[in-house]
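Quick note: the sequence shown, position 151, residue 150 per numbering that gives the first Met the number 0, numbers continuous.
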Amino acid sequence: MPLRVFKTVVLLGFAGLFAACESSKSSNPLSPTVAGPIPGVVISAPKLLIPSAGQRVAVTEQPVTLLIENPTTNGVRPIGLVFEIATDAGFTTKVFSREAVEPGADGRTSVKLTDSLATGRTYYWRAMAADGANSGPYASAANFDVFTPVSIQAPTL
0 MPLRVFKTVV LLGFAGLFAA CESSKSSNPL SPTVAGPIPG VVISAPKLLI
50 PSAGQRVAVT EQPVTLLIEN PTTNGVRPIG LVFEIATDAG FTTKVFSREA
100 VEPGADGRTS VKLTDSLATG RTYYWRAMAA DGANSGPYAS AANFDVFTPV
150 SIQAPTL
């Protein structure tokens with residue numbers, strides 16, 4: 000077989016292989032393979048409630064629980080929430096991240112960390128929502144401090 004024919008056969012074989020792997024996208028907005036983003040869908044930013052900006056959290060009150068007011072959407076797809084905590088305002092050093100959190104039924108959603116955060120530090124947290132095709136904006140980040148309370152006992156004689 001001449002080299003030119005061999006190259007053509009190999010290339011056609013690869014093209015067929017890639018065509019077989021291609022998945023089709025659905026126009027059904029509830030399909031997991033929807034071609035997104037879906038035009039006209041708007042997802043709002045959640046409202047950060049607790050810890051509030053500048054709040055001080057005693058090391059004895061850990062693990063921290065994050066609380067938001069749920070975002071809204073005009074879309075038909077269910078949303079999942081993303082929570083993040085970082086040691087810097089730019090979120091380059093994340094110490095906690097949880098995705099696909101189901102919104103609470105009462106209009107608020109809380110996430111309790113599984114571990115305590117280090118004391119003597121400032122942390123930044125934010126949240127956002129996505130429906131698999133569209134994403135809303137992150138809420139403006141809020142900072143909070145974790146501290147070790149000092150207790151001074153009365154002296155004993």
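We treat Cβ as the ideally placed atom computed from N, Cα and C, and that holds for glycine. Small disclaimer: the values here were computed from a predicted structure and weren't measured.
- Beta bridge pairing from DSSP links Gln54 with Phe143.
- In this structure, Pro36 sits away from Gly135, with a CB-CB distance that is not shorter than 8 Å.
- Note on geometry: alpha-carbon atoms of Val81 and Ala138 lie some 11 Å from one another.
- By the CB criterion at 8 Å, Ala44 and Asn142 fall outside the cutoff.
- Rounded to whole angstroms, the separation of the alpha carbons of Gly39 and Ala57 is 44 Å.
- Arg76 and Gly131 do touch by the CB rule: their CB atoms are close to 6 Å apart, below 8 Å.
- Nearest neighbour of Arg107 by Cα position, chosen from Ser150, Asp87, Glu68, turns out to be Glu68.
- Beta-bridge partners of Arg125 (DSSP): Glu83.
- In this structure Pro154 is exposed. Its beta-carbon is surrounded by fewer than 16 other beta-carbon atoms within 10 angstroms.
- Per DSSP, the unbroken beta strand (DSSP E) holding Glu98 starts and ends at 93–100.
- Assigned with DSSP and collapsed to three states, Thr59 falls in helix.
- For Thr86, same chain residues with a beta-carbon under 7 Å away, outside a window of 5 residues either side, are Thr92, Val94, Arg120, Tyr122 in chain order.
- Around the C-beta of Val41, fewer than 16 other C-beta atoms lie within 10 Å, and the residue is accordingly described as exposed.
- Here the alpha carbon of Val110 sits roughly 35 Å from the alpha carbon of Gln152.
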